[in-house]
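In this note's numbering, the protein residues as written are 8 to 279. We treat Cβ as the ideally placed atom computed from N, Cα and C, and that holds for glycine. Only a predicted model underlies this, so the values are computations on that prediction, with no experimental measurement involved.
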């Protein structure tokens, strides 16, 4: 904790976290390229699709930065390198076998070679070309199967997803509205449908005799997670209006904003 007198003399620089689109560009243009080169893998030997990177960002790496994303990409490429090695993807030239012979045998072989070369030079005949070089070239350029990392098999490289889809309804029931929320990892969504809410949220449900005589109940899922903030008013009112009018709210619509006592929605910040 910085003391207030010292903080007053400092300039506070707020650095916003990366959004999904920015993480995609960083992962594709920098993280993946440098990791692939560090692992010694050629571009034609592997393909990491955009769907795999998107699944990695949304289901494993929701933090504001990209450090955890880099760790996951490095983990993926380490496993890819292992798969390529198991397939025999070695581009190094084959090593010729060395045969150890006795000194006397070596002298005899050298004499035989010299006599053969002398005869070939006199007759003008070319020496026979063996297939050793061709065999070495064929062994050096083995065909390998390209490793493709996609969203269906991303779990084979980094394990089960840490985060799951926040949309729990294919069609939102009457009285259920999706709201926008902020967490330490960035933006999120939550459904308003009562749970452990803080004092600020409780102000959205004033002491009114109508609620004592009517069975109106608001619930925010994940009750064990504390929730606080003034911007849930817009979502709660929309939930009540949906219940009163018997009309569904669009499943892909989320909202946030504080509502005044006269029904005005106040502007919000932090939206990019």
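State the beta-bridge partners of residue 54 as determined by DSSP.
-> 155
Below 6 Å CB to CB, which residues in the same chain sit around residue 280 once its five sequence neighbours on both sides are set aside?
-> No information on residue 280 is available, as it lies outside the stretch 8 to 279 that the chain covers here.
Would you tell me roughly how many angstroms separate the C-alpha atoms of residue 25 and residue 90, rounded to the nearest one?
-> 32 Å
Please report how far the alpha carbon of residue 95 lies from the alpha carbon of residue 88, in whole angstroms.
-> 11 Å
What three-state label does DSSP hand residue 245 in the structure shown?
-> helix
If you drop the 5 nearest sequence neighbours on each side, which residues of the same chain put their C-beta closer than 6 Å to that of residue 265?
-> 237, 238, 240, 273
Go ahead and label residue 27 buried or exposed: buried means 16 or more other beta carbons lie within 10 angstroms of its beta carbon, across all protein chains shown.
-> exposed
Nearest-angstrom Cα distance between residue 38 and residue 55?
-> 12 Å
Where residue 17 and residue 23 are concerned, what is the direct C-alpha to C-alpha distance, given to the nearest angstrom?
-> 19 Å
Beta-carbon proximity list for residue 161, same chain, < 7 Å, skipping 5 on both sides | 59, 62, 63
Which partner residues of residue 187 appear in the DSSP bridge assignment?
-> 196
Given residue 188 as reference, the closest of 46, 198, 181 once Cα atoms are compared | 198
Hey, which unbroken runs of the alpha helix (DSSP H) at 4 residues or more fall wholly within the segment 9-36?
-> 11-15, 27-33
Cross-strand partners of residue 272 (DSSP beta bridge) | 266
Span separating the alpha-carbon of residue 275 from that of residue 48 = 47 Å
In angstroms with no decimal places, state the Cα-to-Cα distance between residue 254 and residue 19.
-> 46 Å
Is the distance from the Cβ of residue 67 to the Cβ of residue 154 below 8 Å?
-> no
Please check the pair residue 46 and residue 93, which I expect to be a contact at CB under 8 Å, by giving their CB distance rounded to whole angstroms.
-> With 8 Å as the limit, residue 46 and residue 93 do not qualify as a contact, their Cβ atoms being about 15 Å apart.
Inter-residue CB distance, residue 73 and residue 40 (contact presumed, cutoff 8 Å) | No, residue 73 and residue 40 are not in contact; Cβ-Cβ is about 14 Å, not under 8 Å.
How about residue 224 and residue 165: are their beta carbons less than 8 Å apart?
-> no
From 227, 244, 258, pick the residue whose C-alpha is nearest to that of residue 268; which is it?
-> 244
Distance between beta carbons of residue 69 and residue 53, contact taken as under 8 Å | The pair is not a contact, with the Cβ atoms about 25 Å apart (cut-off 8 Å).
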